[in-house]
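Asks:
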Amino acid sequence: MATVPVTAAGLLFNRLLIPSIQPGKERYPCPIVWDVREDPLFSARPVLGRSLTASILLANATLPTLPRLSIRCEELPSWSCVIKNPHGITIKDVLTTIYGSLKEIIKRETWDAEFSEDDQRRITEVFYARCQASVSPLAAQYHGVLWVDCLKSRTLFAGIVLGDSEDFATLVLTAPTYDQMLASMRLMT
-9 MATVPVTAAG
1 LLFNRLLIPS
11 IQPGKERYPC
21 PIVWDVREDP
31 LFSARPVLGR
41 SLTASILLAN
51 ATLPTLPRLS
61 IRCEELPSWS
71 CVIKNPHGIT
81 IKDVLTTIYG
91 SLKEIIKRET
101 WDAEFSEDDQ
111 RRITEVFYAR
121 CQASVSPLAA
131 QYHGVLWVDC
141 LKSRTLFAGI
151 VLGDSEDFAT
161 LVLTAPTYDQ
171 MLASMRLMT
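Shown next, in the form of structure tokens:
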């Protein structure tokens, strides 16, 4: 497993999950191209490849392996997800858990307490756009606003970085550039 150190304590993340830091270069923020609104098993792609193979997906996400990792997101202060695998979390575990958790419905109390009126207005626009693009717009509307709607345009996976302790990490997202959207569409064909 190719890894990059992320803490002084010695925990390493798989290089496919780490944001690349290359100022001034037009590159994907992470070696995996994935819009978190889409199922990663069908839409995530390595920048230099056609698909994420089973061997890539089943690679350990960390070294040493962790059986549990909590993920948070700066854009969504009260959102989090917990990735669990008693044999050690894999890249697949990370991507599918993030995706599943972002597809959860927001509770009304969270909506009222966490988001300003301006945020609610913008999120509502994103919500209706998602519903209209779905196979069943009325069914999508019926289910309500999802966490992924609250990301607004910041839906491109940029990687994960460790927080203050080794048992939680931060999901890094960005808005895709026009060139990245075009390249992503070419990868899917």
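Residues -9 to 179 in our numbering are what the sequence shown lists, from first letter to last.
Ideal Cβ positions, reconstructed from N, Cα and C, are used throughout, including at glycine.
Owing to the predicted nature of the structure, the values given are computational and were not obtained by experimental measurement.
1) Can at least three beta-carbon pairs, one atom from the region 30 to 46 and one from the region 65 to 73, be found at a separation below 8 Å?
2) Is Ser124 helix, strand or coil by DSSP?
3) For Gly14, does the three-state DSSP call read helix, strand or coil?
4) Any idea what DSSP makes of Leu92, helix, strand or coil?
5) Select from Thr164, Gly153, Arg5, Ile95 the residue whose C-alpha is nearest the C-alpha of Ile61.
6) Return the first residue and the last residue of the alpha helix (DSSP H) that Ile8 is part of.
7) In the DSSP assignment, what are the bridge partners of Phe147?
8) What three-state label does DSSP hand Phe108 in the structure shown?
9) For Leu128, is the classification buried or exposed, using 16 other Cβ atoms within 10 angstroms of its Cβ as the cut-off for buried?
10) With Thr192 and Gly39 assumed to form a contact (beta carbons below 8 Å), what rounded beta-carbon distance in angstroms separates them?
11) Would the beta-carbon of Ala44 fall within 8 Å of that of Ile81?
12) Using DSSP's beta-bridge definition, name the partner residues of Arg35.
13) Have a look at Leu85, Leu59, Glu64 and flag the residue whose alpha-carbon is nearest the alpha-carbon of Leu47.
14) Mapping DSSP to helix, strand and coil, what is Thr52?
15) Tell me which same chain residues have a C-beta within less than 7 Å of the C-beta of Thr164, skipping the five on either side of it?
16) For Thr114, which three-state DSSP category applies?
17) Since Cys71 sits in a beta bridge, which residues does DSSP pair it with?
18) Taking the C-alpha atoms as reference points, what is the distance between Gly90 and Val162?
19) Would Lys142 pass as a contact of Ile113 if the rule is Cβ separation under 8 Å?
Replies: With the given structure in hand:
1) no
2) Looking at Ser124 - three-state DSSP - the assignment turns out to be coil, as it is neither helix nor strand.
3) Caution is warranted here: a pLDDT of 49 is assigned to Gly14, below 50, making its placement in the model unreliable, and no coordinate value can be reported.
4) helix
5) Gly153
6) No alpha helix (DSSP H) holds Ile8; DSSP gives it neither H nor E.
7) Leu163
8) Residue identity check: residue 108 is Asp in the sequence provided, not Phe. Three-state result, Asp108: helix.
9) exposed
10) Since the first residue of the chain shown is -9 and the last is 179, residue 192 is not available in this structure.
11) By the CB criterion at 8 Å, Ala44 and Ile81 fall outside the cutoff.
12) Val23
13) Leu85
14) strand
15) Pro19, Arg144, Leu146, Ala148
16) helix
17) Answer is Ile61, bridged to Cys71.
18) 17 Å
19) yes
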